[in-house]
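In what follows, a single structure is set out as structure tokens and then discussed.
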Amino acid sequence: METRPRTDQQRSADRRRRELLEAADRVVLRDGPHASMNAIAAEAGITKPILYRHFGDKGGLYAALAQRHTDALLASLRAALDAPAERRQRVEATLDTYLAAIEARPQVYRFLMHPADSAQGEAGFDVGKHSAPLLRRMGEELAQVIEERLDLGPGGQRQARVWGHGIVGMMHAAGDWWLGERPCSREELVHSLADLLWGRLAAADDRTDGPGF
881 METRPRTDQQ RSADRRRREL LEAADRVVLR DGPHASMNAI AAEAGITKPI LYRHFGDKGG
941 LYAALAQRHT DALLASLRAA LDAPAERRQR VEATLDTYLA AIEARPQVYR FLMHPADSAQ
1001 GEAGFDVGKH SAPLLRRMGE ELAQVIEERL DLGPGGQRQA RVWGHGIVGM MHAAGDWWLG
1061 ERPCSREELV HSLADLLWGR LAAADDRTDG PGF
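In terms of this note's numbering, the sequence shown has 975 at position 95, counting the first letter as 1, and numbering is strictly consecutive.
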């Protein structure tokens, strides 16, 4: 008899948390790295102490938003990797998926990756503390995909992690530069990055017990 009320309460709390994250997203889309807890609380129609009650502090809210957007991005990247196409096409599609995501929501990207000195009179989100784990998670996810799909021989797991983190670092650095300066089209950047990656990726055989790369 006691289990159901707790379950209903948890469902209500989960729903409220989603609503607050959606309100935070709206503020981030508007204000980017200058989004503040005050603005997010106002958007959600609550007081700041209630917002803290749900997320603990700014770091907790940032981490929840980062997970929300990283989950969505990783799902899109996996879909690009799983598409029925030649390997080179899938490499380009994966690079393009990442770049298209940061191009479509640049304020979200800047919020996640670029700190602001201040946000409407209050200290900004501590981006540096959280963005490195976000990139590390993406690197580990990509490393797992590479290890599952490519036969890299002895030391393959270690090599897959080198590649996974290296590719994510490349995408992040190149994408950050491109989003800020727009020195070329997205298509040109995708082709150039794919050329850089292609030599060893083209030579590696698929694992016989994997889904192929």
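Here a beta-carbon is modelled for each residue, glycine too, at the ideal position from N, C-alpha and C.
Partner residues in the beta bridge of aspartate 1031, as assigned by DSSP, are Asp1085. By the Cβ test, the segment 888-900 is not in contact with the segment 959-977, since fewer than three Cβ pairs between them sit closer than 8 Å. In this structure isoleucine 930 is exposed. Its beta-carbon is surrounded by fewer than 16 other beta-carbon atoms within 10 angstroms. The beta carbons of isoleucine 982 and leucine 909 sit no closer together than 8 Å. For the options Ile1026, Glu1068 and Ala943, the alpha carbon positioned closest to that of valine 1042 is the one of Ile1026. Annotation for phenylalanine 935: the continuous alpha helix (DSSP H) segment containing it runs 928-935. In this structure, leucine 975 sits away from valine 1048, with a CB-CB distance that is not shorter than 8 Å. About 6 Å separates the beta carbons of alanine 904 and leucine 945, which is inside the 8 Å limit, making them a contact pair. In the DSSP assignment, glycine 1055 falls within the alpha helix (DSSP H) that extends over 1036-1061. For alanine 960, the closest of Gln947, Thr950, Arg948 and Tyr978 by C-alpha to C-alpha distance is Tyr978.
Around the Cβ of leucine 1076, a 10 Å sphere holds fewer than 16 other Cβ atoms; the residue is exposed. Alanine 984 carries a helical assignment under DSSP once its states are collapsed to helix, strand and coil. Out of Leu953, Arg898, Ala1054 and Arg1062, the CA that lies nearest to the CA of leucine 1073 is found in Ala1054. Counting along the chain, glutamate 966 sits inside no alpha helix (DSSP H), nor does DSSP assign it H or E at all.
Here the alpha carbon of alanine 924 sits roughly 29 Å from the alpha carbon of arginine 1017.
In the three-state DSSP reduction, proline 1013 falls in the helix class (H, G or I). The alpha-carbon of histidine 949 is positioned some 23 Å away from that of glutamate 1067. Between leucine 941 and the set Gly1035, Leu901 and Pro995, the nearest pair of CA atoms involves Leu901. Per DSSP, alanine 996 lies in no alpha helix (DSSP H) segment and is marked neither H nor E. A residue is called buried once 16 or more other Cβ atoms fall within 10 Å of its Cβ, and glutamate 1061, having fewer, is exposed.
Counting along the chain, alanine 922 sits inside the alpha helix (DSSP H) bounded by residues 917-924.
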